[in-house]
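Structure first, commentary second.
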Amino acid sequence: MFSKLSYEGTREDKYALLIQQVEALVHDEPNRVANLANAAALLGQFLTDINWVGFYLLDEMNEKNELVLGPFQGLPACVRIPLGKGVCGTSAERQETVLVPDVHQFPGHIACDAASQSEIVVPLLQGEVLIGVLDIDSPLKNRFDEIDQHYLEQFVAKLAAVM
């Protein structure tokens, strides 16, 4: 049985607990969709001041090099994002985290939710192979920082390890 958890301590302490939780959730579960759905739900209840959290996955069935919408929490979203376009496509193409304090200042930003003001996108990699990206939006500018980036990269690495 699950219940909403209250996280206490420093931000680092809270994130450390989150990493333990994702490890426990995905341990011995080989199904990618189930793991990503639980990961999105876990992040949705952990993070404050966000309006969207989820995954875009590389569409291996499509030769256009696009990301396709995966499990998420939030309003309906853009279904396909070309590699190199918007924050998600840029992160996927570069295979590096992109932290955007103000999405209106990001050239080519793709607005799926009009409330979004800042964003962080972390690539989901298995070795050097791109699986997709974790995308998190906030209705606040400057919501994400290097601490978020550090721990979200660890979070995604735990997911990638079981895929």
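My numbering numbers the first residue of the sequence shown as 19 and each following residue consecutively.
C-beta atoms are modelled at their ideal positions from N, C-alpha and C, and glycine is treated no differently.
None of the values given here were measured: they were computed from a predicted structure.
In this chain, the beta strand (DSSP E) harbouring Ser136 covers Ser136 to Gln144. When rounded, the separation of the alpha-carbon atoms in Pro119 and Thr66 is 16 Å.
Boundaries of the beta strand (DSSP E) around Val151: Val147 to Ser156.
If you draw a straight line from the Cα of Pro94 to the Cα of Gly145, it is about 30 Å long. Residue Leu148 holds the alpha-carbon nearest to the alpha-carbon of Arg112 among Asp31, Ser156, Leu148 and Leu75. DSSP places Gly62 in the uninterrupted alpha helix (DSSP H) bounded by Arg50 to Phe64. The C-beta of Gly102 has fewer than 16 other C-beta atoms within 10 Å across all chains shown, which makes the residue exposed. Secondary structure at Val180: coil, using DSSP grouped into helix, strand and coil. Counting only residues of its own chain and dropping the five nearest sequence neighbours on each side, Asp166 has a CB closer than 7 Å to the CB of Ile138. Note that the segment 129-136 touches the segment 57-75; at least 3 beta-carbon pairs, one per stretch, sit closer than 8 Å. For Leu54, the CB contacts under 6 Å within the same chain, skipping 5 residues up- and downstream, are Phe73, Gly88 and Pro89 in chain order.
Annotated three-state conformation of Glu84 is strand, per DSSP.
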